[in-house]
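Undergrad: Here it is, the structure, as structure tokens.
Number of protein chains: 2
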Amino acid sequence: MKTEKTIRDAYPASEKVYVDGKLHDIKVGMRKVKLTDTVKIVDGKRVVTHNDDVYVYDTSGPYTDPDIEINLEKGLPRLREKWITARGDVEQLPQITSQYGRMRLADHSLDSLRFEHMKPPYRAKAGKEITQMYYARQGIITPEMEYVAIRENLQNEKLGIETHITPEFVRDEIAAGRAIIPANINHPEAEPMIIGRNFLVKLNTNIGNSALSSSIEEEVDKAVWSCRWGGDTLMDLSTGANIHETREWIIRNCPVPVGTVPIYQALEKVNGEVENLTWELYRDTLIEQCEQGVDYFTIHAGVLKEHAELVKERLTGIVSRGGSIMTKWCVMHDCESFLYTHFDDICEILKQYDVAISLGDGMRPGSIHDANDRSQFLELDVLGQLTQKAWAHNVQVIIEGPGHIPMHKIKENMDRQLSSCHEAPFYTLGPLTTDIAPGYDHITSAIGAAQIAWYGTAMICYVTPKEHLGLPNREDVRNGVIAYKIAAHAADLAKGHPGAQVRDDALSKARFEFRWKDQFNLSLDPERALEYYKEGSKHDGDYCTMCGPNFCAMRLSQDIDTCDMVGKSAQEGK
Amino acid sequence: MKTEKTIRDAYPASEKVYVDGKLHDIKVGMRKVKLTDTVKIVDGKRVVTHNDDVYVYDTSGPYTDPDIEINLEKGLPRLREKWITARGDVEQLPQITSQYGRMRLADHSLDSLRFEHMKPPYRAKAGKEITQMYYARQGIITPEMEYVAIRENLQNEKLGIETHITPEFVRDEIAAGRAIIPANINHPEAEPMIIGRNFLVKLNTNIGNSALSSSIEEEVDKAVWSCRWGGDTLMDLSTGANIHETREWIIRNCPVPVGTVPIYQALEKVNGEVENLTWELYRDTLIEQCEQGVDYFTIHAGVLKEHAELVKERLTGIVSRGGSIMTKWCVMHDCESFLYTHFDDICEILKQYDVAISLGDGMRPGSIHDANDRSQFLELDVLGQLTQKAWAHNVQVIIEGPGHIPMHKIKENMDRQLSSCHEAPFYTLGPLTTDIAPGYDHITSAIGAAQIAWYGTAMICYVTPKEHLGLPNREDVRNGVIAYKIAAHAADLAKGHPGAQVRDDALSKARFEFRWKDQFNLSLDPERALEYYKEGSKHDGDYCTMCGPNFCAMRLSQDIDTCDMVGKSAQEGK
Chain A
1 MKTEKTIRDA
11 YPASEKVYVD
21 GKLHDIKVGM
31 RKVKLTDTVK
41 IVDGKRVVTH
51 NDDVYVYDTS
61 GPYTDPDIEI
71 NLEKGLPRLR
81 EKWITARGDV
91 EQLPQITSQY
101 GRMRLADHSL
111 DSLRFEHMKP
121 PYRAKAGKEI
131 TQMYYARQGI
141 ITPEMEYVAI
151 RENLQNEKLG
161 IETHITPEFV
171 RDEIAAGRAI
181 IPANINHPEA
191 EPMIIGRNFL
201 VKLNTNIGNS
211 ALSSSIEEEV
221 DKAVWSCRWG
231 GDTLMDLSTG
241 ANIHETREWI
251 IRNCPVPVGT
261 VPIYQALEKV
271 NGEVENLTWE
281 LYRDTLIEQC
291 EQGVDYFTIH
301 AGVLKEHAEL
311 VKERLTGIVS
321 RGGSIMTKWC
331 VMHDCESFLY
341 THFDDICEIL
351 KQYDVAISLG
361 DGMRPGSIHD
371 ANDRSQFLEL
381 DVLGQLTQKA
391 WAHNVQVIIE
401 GPGHIPMHKI
411 KENMDRQLSS
421 CHEAPFYTLG
431 PLTTDIAPGY
441 DHITSAIGAA
451 QIAWYGTAMI
461 CYVTPKEHLG
471 LPNREDVRNG
481 VIAYKIAAHA
491 ADLAKGHPGA
501 QVRDDALSKA
511 RFEFRWKDQF
521 NLSLDPERAL
531 EYYKEGSKHD
541 GDYCTMCGPN
551 FCAMRLSQDI
561 DTCDMVGKSA
571 QEGK
Chain B
1 MKTEKTIRDA
11 YPASEKVYVD
21 GKLHDIKVGM
31 RKVKLTDTVK
41 IVDGKRVVTH
51 NDDVYVYDTS
61 GPYTDPDIEI
71 NLEKGLPRLR
81 EKWITARGDV
91 EQLPQITSQY
101 GRMRLADHSL
111 DSLRFEHMKP
121 PYRAKAGKEI
131 TQMYYARQGI
141 ITPEMEYVAI
151 RENLQNEKLG
161 IETHITPEFV
171 RDEIAAGRAI
181 IPANINHPEA
191 EPMIIGRNFL
201 VKLNTNIGNS
211 ALSSSIEEEV
221 DKAVWSCRWG
231 GDTLMDLSTG
241 ANIHETREWI
251 IRNCPVPVGT
261 VPIYQALEKV
271 NGEVENLTWE
281 LYRDTLIEQC
291 EQGVDYFTIH
301 AGVLKEHAEL
311 VKERLTGIVS
321 RGGSIMTKWC
331 VMHDCESFLY
341 THFDDICEIL
351 KQYDVAISLG
361 DGMRPGSIHD
371 ANDRSQFLEL
381 DVLGQLTQKA
391 WAHNVQVIIE
401 GPGHIPMHKI
411 KENMDRQLSS
421 CHEAPFYTLG
431 PLTTDIAPGY
441 DHITSAIGAA
451 QIAWYGTAMI
461 CYVTPKEHLG
471 LPNREDVRNG
481 VIAYKIAAHA
491 ADLAKGHPGA
501 QVRDDALSKA
511 RFEFRWKDQF
521 NLSLDPERAL
531 EYYKEGSKHD
541 GDYCTMCGPN
551 FCAMRLSQDI
561 DTCDMVGKSA
571 QEGK
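Here it is, written out as structure tokens:
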């Protein structure tokens, strides 16, 4: 696969470093950016000052560690496996248990598509609870919890920045349901990460083929690619053929948690005939995906039969795929959604693998016109009830949110979510702050995402420039991820996350001192910055083509120091 | 010039239409987007519903009117000339009065560069006042005021949307200094537009060559190009050779108000030697540009000698070119800025041509670290004093603002500006909400721009992806303008500007009904939307490659109507 070559390129002037745990035998990877010295001429003498390394949150996993061998055919190292087994609460099953999974395995025509090195799945031992929420509530700080505490803090300890994020704080937030660590025991390749409003804002990327395009290779490539740019979690929204096999490849090679919407695959299994969906089919799909290692499921269990009527007041009806599927099912069968009626059964399955639930917002508004309407907020209340049900099973929960919302209506979304859903983490798609810019919805939505993340949304789901128009390609994924890294980081700054500003300060200092390469190396996309700079620049001096040599404010500003001294001596000479 | 060909392309499915004035003999151009019918099959019958035309604010001027002949060598039609002369307050001078302008005119080596059809300039008759602010304070509703009232309302009258924006309201806002119409009597080609927080949010684009690149042809092309995408005003920040001649070409062909920073040209005249700048030289430059038709000047008159000390506390010093020039001048000469000491003289000149002042923020922060610091807000207080001075001369004023500001510090900027500057319109550069994304600063700043515009900023200055890296090319200008149209429109929605949502609603309705072409034609960038759609699409059906046919929520949502009826009959049949 081509992935390996392009993805393993190291970030410029960077090094993968590991910080050891204190409670557990763990090593937390992060990226160290090395800076050059500051050189100034003061009174004719050359004065050299050292600039500290900057540590950067790194979602690229083992791909950017040259000491780790990567073989996509074998999958990533199983980082968490020994932590999981050491707890003694899980057992390895003799074989997979879903009917569908077994059927696919028995089909030898699929052999060429199949990931070869499949391991038998883990599951909780009978009578054992194994979710991070369960452990947290027992007062246990797991390796996963210590891992994220270290990961969230980056260079703070070195720089003496005070932080509230300790392993104990992490445990407490998870116990309270205010944060989750999506960490299926069957996805031990993923590096632990935390989603909660008292932590760094995270971003999710979506990939996935539709019936109309894409191959397995492309999807794995996009997955790894999106992690390289900064995706914190990855949703595989594939709806085409061979999604079972595609998913296996993705999970085995994905260093971040993977989410899915199981109803999509269930619908594939009945050839797109919504009326033929059943609880049994859905249940088997859940087990199939739990055992593959999906870390969180979007489940549209809050879409109720009674909501269908309300949608008629809308301009753009239902724009959530899961929401429209379940509404159609309810109306056709004239009965309540099986996702709602079987919600406890769903939790019983998920808790055996520690799969988190992302409660889908099937009624999210698809236009400015429909923002904050009755159906949206009625569903939100249902999601709040379901949250408490899931928590009773110690299943971790996040809540999905909109959508299309004008700026003045964004805050109400956050406020209502916090109160309706008992502070479970909010996970929003944008929101898009206007409908009029197809082709630029990474921007319409980054504006809303930055705002809602500042107000307290824990994770924002990226939107690419192709939203509403087509499937994103590699460049679209990159543009979408960077737009959302910007939104997330802008929110981290606004929330005062400990140490978040260190990178801004280091980059701005480099900019002011014309250390161009340091500036680029510290940026979210060093390649793009360098490319743009080179486009206009035939030199490598103390200015860029934007202002030219005589009009560079930063150069003039630095000159002032010098003339100031001249000015002063002149004054003193008077 | 190539401009003509590419710029005159009409917008798809659009027509230039004109609305007549009621008080004055004026015709206000706008763009009418024609929509196709909605076709539905209801009970087996084809039901066709008409969709109303949508009227769109149009900054492209005569270029998109096929009935107007465009000849860049001759310049645009002089739309406002008869309004100006009809007031009887101005006289046409026998020749230009600036020394520099005369010198350039006498230099025959420049003949090949020169715009041929130069007209002698207008100036106020002795003892006459001619600014829009003066007329407004006299209770006079000028044609310019009625023009903008019509322009701001678009389709509201047709749709029966209530609006507060009447010609009298416009007059009142201008009289109070809460809004300006930048309208130099020597730029009669420009279509009147208004900048004020009770109107549509406007966006400014910057063009301009630096010493290192660009030609006259390129700059004119970029000017017209930026208006095509939605630039409301245009700042010519040229610093290279022949800026006098370049400016003439731009103004004669620019349908929107043009701004400059005269200190740039003054500095060119002394070969970049800051210490050689003088009031006399600057004064001549003002007159030169007033007579060419520049509509507003950025003047960094709030940068005082005492501020230089404060800058030392900063991470990135002074990042405003004008600010750094004036600070250096003050320090070198150890005396107060001539822009400050001669501010009344400046107003005396500008009022004779109705050139507005944009009070520059020489102390705007260039990094998150420096946001909202002492030097920034001390300067803002000075700008407030200068505002009142200018108003005493009936000179229109706007106030420039930052810069780099994290989200949680944005509101303070708006609040302080309103109180320090007596509600004069605020005009901000972004602000950028993080420093870490060079190459994507159109996005870091669109996030901040949308927010501050919602809070009340009247005009936002665009930032292109090349910010900090180099001069923008055509694509960068397009990307910058669209990002800022998004920010401005998102703010208009959030502020509840009358009728702003009409376009969103029409586009979303088209989207929901799979009227793809209508969706694209209503978008900010129809070409880009179509291009992306086509990239993924080999069909022209009721879905895109994003979800494919079985998973299109909108299609499913529409199906629900049908099954709902089935459901109901089933229910009734029970």
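Sequence order for the protein chains is A and B.
Under UniProt numbering, read the first sequence as residues 1 to 574, first letter to last.
Under UniProt numbering, read the second sequence as residues 1 to 574, first letter to last.
Note that beta-carbon positions come from the ideal geometry of N, C-alpha and C, so glycine has one too.
The structure presented is a predicted model; accordingly, all values stated were derived computationally and were not measured.
(1) When the Cα atoms are used, what is the spatial distance from V150/B to G29/B?
(2) Go through its chain and collect everything with a Cβ distance to V39/A's Cβ below 7 angstroms, but skip five positions before and after it.
(3) Distance check for W229/A and D525/A, CA to CA, integer angstroms please.
(4) Determine, using beta carbons only, whether G196/B and E173/B come nearer to each other than 8 angstroms.
(5) Does chain A have any CB closer than 8 angstroms to the CB of S238/B?
(6) Starting from the C-beta of G430/B, find all residues in its chain whose C-beta is less than 6 angstroms away, skip the five residues before and the five after it, and write them out in chain order.
(7) When you compare the CB positions of C335/A and K312/A, do they come within less than 8 angstroms of one another, or not?
(8) Output the distance between the C-alpha atoms of C461/A and E91/A, rounded to the nearest integer angstrom.
(9) Can you give the Cα-Cα distance for I357/A and Y296/A, rounded to whole angstroms?
(10) Expressed to the nearest angstrom, what Euclidean distance is found between the alpha-carbon atoms of H50/B and D361/A?
(11) How about K202/A: is its C-beta nearer than 8 angstroms to some C-beta of chain B?
(12) If you follow the beta strand (DSSP E) that Y427/A is part of, which residue opens it and which one closes it?
(13) Alpha carbon to alpha carbon, what distance is there between E423/A and S367/A?
(14) According to DSSP, is F199/B part of a helix, a strand, or is it coil?
(15) Please classify G231/B: is it buried, with 16 or more other beta-carbons within 10 angstroms of its beta-carbon, or exposed?
(16) Which parts of the stretch 321-398 of chain A are runs of the beta strand (DSSP E), unbroken and 3 residues or longer, counting only runs that do not cross its ends?
(17) Tell me, please, whether the stretch 281-296 of chain A touches the stretch 183-193 of chain A by the rule of three or more beta-carbon pairs shorter than 8 angstroms.
(18) According to the neighbour-count rule (16 or more other Cβ atoms, all chains shown, within 10 Å of its Cβ), is H244/A buried or exposed?
(19) Can you find the residues in the same chain that come closer than 7 angstroms, C-beta to C-beta, to H342/B, ignoring five residues on each side of it along the sequence?
(20) Would you call the stretch 116-127 of chain B and the stretch 161-178 of chain B in contact, with 3 or more CB pairs under 8 angstroms?
(21) Secondary structure at I41/B, three-state DSSP: helix, strand or coil?
(22) The ligand MN and I130/B: does any heavy atom of the ligand fall closer than 7 angstroms to the residue's C-beta?
(23) Per DSSP, which one or two residues make a beta bridge with F297/A?
(24) In terms of residues, what are the limits of the beta strand (DSSP E) holding R80/B?
(25) For D58/A, would you say it is in contact with chain B, using Cβ-to-Cβ distances shorter than 8 angstroms as the test?
(26) For a test of the three-state rule: what should DSSP assign to A183/A, helix, strand or coil?
(27) Which of the three DSSP states is assigned to A13/B in this structure?
(28) Assign Q92/A to one of three DSSP states: helix, strand, or coil.
(29) Residue range of the alpha helix (DSSP H) that R178/A falls in?
(30) Pull up the CB-CB distance for F512/A and L432/B, whole angstroms please, since I reckon it's below 8 angstroms.
(31) Within 10 angstroms of the Cβ of G573/A, are there 16 or more other Cβ atoms? Answer buried if so, exposed if not.
(32) Output needed for I96/B: all residues of its chain with C-beta closer than 8 angstroms, excluding positions within five of it in sequence on either side, in chain order.
(33) Looking at C-alpha atoms only, which residue of Y57/B, P77/B, K222/B and F115/B is the closest neighbour of R474/B?
(34) For H24/B, does the three-state DSSP call read helix, strand or coil?
(35) Give every residue of the same chain whose Cβ lies closer than 6 angstroms to the Cβ of T285/B, excluding the five residues on either side of it in the sequence, and list them in chain order.
(36) Mind pulling the chain B residues with CB within less than 7 angstroms of W229/A?
TA: With the structure as the only source:
(1) Position 150 of the second sequence, counted from the first residue, corresponds to residue 150/B. Position 29 of the second sequence, counted from the first residue, corresponds to residue 29/B. Reading off the sequence, residue 150/B comes out as Ile, not Val. Going from the Cα of I150/B to the Cα of G29/B covers about 9 angstroms.
(2) In the first sequence, counting from the first residue as 1, residue 39/A sits at position 39. Counting only Cβ-Cβ distances below 7 angstroms, and skipping sequence neighbours, we find R46 and V48.
(3) The residue given as residue 525/A occupies position 525 in the first sequence. The residue given as residue 229/A occupies position 229 in the first sequence. Rounded to the nearest angstrom, the two C-alpha atoms are 8 angstroms apart.
(4) Taking the second sequence and counting its residues from 1, the one referred to as residue 196/B is at position 196. Taking the second sequence and counting its residues from 1, the one referred to as residue 173/B is at position 173. Their beta carbons are under 8 angstroms apart, which means G196/B touches E173/B by this criterion.
(5) Along the second sequence, one-based indexing puts residue 238/B at 238. Closer than 8 angstroms: no.
(6) Taking the first residue of the second sequence as position 1, residue 430/B is located at position 430. The residues are S445, G448, A449 and V463.
(7) Taking the first residue of the first sequence as position 1, residue 335/A is located at position 335. Taking the first residue of the first sequence as position 1, residue 312/A is located at position 312. Pairing C335/A with K312/A gives a Cβ-Cβ distance that is not under 8 angstroms.
(8) The residue you call residue 461/A lines up with position 461 of the first sequence. The residue you call residue 91/A lines up with position 91 of the first sequence. Spanning the two alpha carbons is a distance of roughly 34 angstroms.
(9) On the first sequence, position 357 is the one that residue 357/A refers to. On the first sequence, position 296 is the one that residue 296/A refers to. One C-alpha to the other measures close to 5 angstroms.
(10) By 1-based counting over the second sequence, the position of residue 50/B is 50. By 1-based counting over the first sequence, the position of residue 361/A is 361. Approximately 33 angstroms between the Cα atoms of the pair.
(11) As a position in the first sequence, residue 202/A is number 202, starting the count at 1. Not one chain B Cβ lies under 8 angstroms of K202/A.
(12) On the first sequence, residue 427/A is found 427 positions in, with the first residue counted as 1. Residues F426 to L429.
(13) Position 367 of the first sequence, counted from the first residue, corresponds to residue 367/A. Position 423 of the first sequence, counted from the first residue, corresponds to residue 423/A. Between S367/A and E423/A, the C-alpha separation is close to 26 angstroms.
(14) Within the second sequence, the letter at position 199 stands for residue 199/B. The answer is coil: DSSP assigns F199/B none of H, G, I, E or B.
(15) Taking the second sequence and counting its residues from 1, the one referred to as residue 231/B is at position 231. Taking a 10 Å sphere around the C-beta of G231/B, we find 16 or more other C-beta atoms and assign the residue as buried.
(16) 356-359
(17) A contact exists between the stretch 281-296 of chain A and the stretch 183-193 of chain A.
(18) Taking the first residue of the first sequence as position 1, residue 244/A is located at position 244. So H244/A counts as buried.
(19) Here residue 342/B refers to the residue found at position 342 of the second sequence. For H342/B, where only same-chain residues beyond five positions count, the Cβ hits under 7 angstroms are W279.
(20) no
(21) Sequence index remark: in the second sequence, residue 41/B carries index 41 (1-based). Taken through DSSP and simplified to helix, strand or coil, I41/B comes out as strand.
(22) You won't find the ligand MN in this model; it holds no ligand whatsoever.
(23) Along the first sequence, one-based indexing puts residue 297/A at 297. DSSP lists T260/A and I357/A as partners of F297/A.
(24) Locating residue 80/B in the second sequence gives position 80, counting from the first residue. R80/B -> no beta strand (DSSP E), and no H or E assigned at all.
(25) Locating residue 58/A in the first sequence gives position 58, where the first residue counts as 1. False, the Cβ-Cβ gap to chain B never drops below 8 angstroms.
(26) As a working mapping, residue 183/A is identified with position 183 in the first sequence. Reduced to three states, the DSSP call for A183/A is coil.
(27) On the second sequence, residue 13/B is found 13 positions in, with the first residue counted as 1. DSSP places A13/B in coil when its eight states are reduced to three.
(28) Along the first sequence, read from residue 1 onward, the residue named residue 92/A stands at position 92. Strand.
(29) The count along the first sequence starts at 1 and reaches residue 178/A at position 178. Here R178/A belongs to no alpha helix (DSSP H), and DSSP marks it neither H nor E.
(30) Within the first sequence, numbered from 1, the residue matching residue 512/A stands at position 512. Within the second sequence, numbered from 1, the residue matching residue 432/B stands at position 432. No, F512/A and L432/B are not in contact; Cβ-Cβ is about 15 angstroms, not under 8 angstroms.
(31) Taking the first residue of the first sequence as position 1, residue 573/A is located at position 573. Confidence at G573/A is low in this model, with a pLDDT of 30, below 50, so its placement is unreliable and the value that follows should be read with caution. Burial call: exposed.
(32) Stepping through the second sequence from its first residue, residue 96/B is reached at position 96. Hits under 8 angstroms: R102, L105, P120, P121, E288 and E291.
(33) Taking the first residue of the second sequence as position 1, residue 474/B is located at position 474. Closest option to R474/B, judged by alpha-carbon separation, among Y57/B, P77/B, K222/B and F115/B: K222/B.
(34) By 1-based counting over the second sequence, the position of residue 24/B is 24. Here H24/B carries a coil assignment [DSSP, helix/strand/coil].
(35) The residue given as residue 285/B occupies position 285 in the second sequence. The residues are P262, Q265 and A266.
(36) Taking the first sequence and counting its residues from 1, the one referred to as residue 229/A is at position 229. The premise fails here: W229/A is roughly 12 angstroms from chain B at the closest Cβ pair, so nothing lies under 7 angstroms.
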